[in-house]
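Here the structure is laid out as structure tokens; the discussion comes afterwards.
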Amino acid sequence: MKGGGLEMGTTTSEVAKSGAAKRGAAVVDFFLRVIAIIATLGSAIAMGTTNQTLPFFTQFIRFRAKYDDLPMFTFFVVANSLVSAYLVLSLALSIFHIMRSRAHASRIVLIFFDTGMLALLTAGASAAAAIVYLAHKGNTRTNWFAICQQFNSFCERISGSLIGSFGAILILVVLILMSAVTLSRR
């Protein structure tokens with residue numbers, strides 16, 4: 001039974017501590033979102049600007065490796081860009097949670113959309129990771145040769161881009177868990 005916003009048996013100091021804990025979680029949520037924005041935007045930019053050209057036998061014949069040669073890398077760039085844009089927009093709700101730590105409906109909305117963005121980002125990063133693995137190791141049974149011995153710069157950038165994206169995936173998992181824990185502590 002609730003009376004005047006307090007549950008029966010709770011003291012004002014317990015409610016104040018709970019509010020402070022929720023506000024602290026909201027501040028951590030905000031900073032994690034900023035870090036995830038940097039990771040996803042950096043991954044999208046790094047992958048989207050990746051290309052390398054190598055001469056073949058003469059100056060006129062060249063081999064080129066560019067991110068948009070493979071649809072999985074294009075999907076990766078789009079997924080990271082969308083998640084980055086979403087995270088920028090979600091900062092408004094994160095700031096709202098800092099000011100109003102008892103907001104519950106907006107936290108549920110954030111969990112819902114964070115989970116969707118986690119799925120999108122995981123799909124993009126996983127598809128790109130499969131191609132990066134083939135670029136590094138190749139597959140002799142299917143005559144796919146490893147290209148990273150020739151295209152070092154290209155492979156370093158796409159691998160670094162994956163690291164940023166998988167880091168953002170971990171941050172999104174932490175954000176979802178934090179929101180769930182905050183909601184469970186009414």
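Just so we're aligned, residue 1 is where the sequence shown starts under the UniProt record's numbering, counting upward by one. Note that the Cβ used here is the ideal one computed from N, Cα and C, for glycine as well.
CB-CB length for H136 against A128, believed under 8 angstroms: That pair is no contact at about 13 angstroms.
Inter-residue Cα distance where the pair is K2 and K22: Low per-residue confidence applies at K2: pLDDT is 45, beneath 50, and the placement is therefore not dependable enough to give any value.
Contact belief for L162 with H104 at Cβ below 8 angstroms, rounded distance in angstroms: The pair is not a contact, with the Cβ atoms about 36 angstroms apart (cut-off 8 angstroms).
CB-CB length for A168 against V83, believed under 8 angstroms: Yes, they are in contact, since the Cβ atoms of A168 and V83 sit about 7 angstroms apart, within 8 angstroms.
Residues near T122 by beta carbon distance below 8 angstroms, same chain, minus five either side: Excluding residues up to 5 positions away in sequence, I169 lie with their Cβ nearer than 8 angstroms to the Cβ of T122 in the same chain.
Three-way DSSP call (helix, strand, coil) for N143 in this model: In the three-state reduction of the DSSP assignment, N143 falls in the coil class, being assigned neither a helical nor a strand state.
CB-CB length for F30 against I95, believed under 8 angstroms: The Cβ separation is near 7 angstroms, so the contact holds.
Nearest neighbour of L87, chosen from A46, C155 and I176 [CA to CA]: It is I176 whose Cα lies nearest to the Cα of L87.
Proximity winner among Q149, L134 and F151, relative to N143 (alpha-carbon distances): Ranking Q149, L134 and F151 by Cα distance to N143 puts L134 first.
Per-residue burial, F112 [other beta carbons within 10 Å of its own, 16 or more giving buried]: Counting Cβ neighbours within 10 Å, F112 comes out exposed, since fewer than 16 surround it.
Exposure label - G48; buried when at least 16 CB within 10 Å: With at least 16 other beta carbons inside 10 angstroms of its own, G48 counts as buried.
Selected residue, minimal CA-CA separation from T74, among L93, T50 and S90: Ranked by Cα distance from T74, the first of L93, T50 and S90 is T50.
Three-state secondary structure assigned by DSSP to residue 198: Because the chain in this structure spans residues 1 to 186, residue 198 falls outside the shown range and cannot be described.
Expected contact under 8 angstroms - CB spacing of L93 and L110 to nearest Å: In this structure L93 is in contact with L110, their Cβ atoms being roughly 6 angstroms apart against a cut-off of 8 angstroms.
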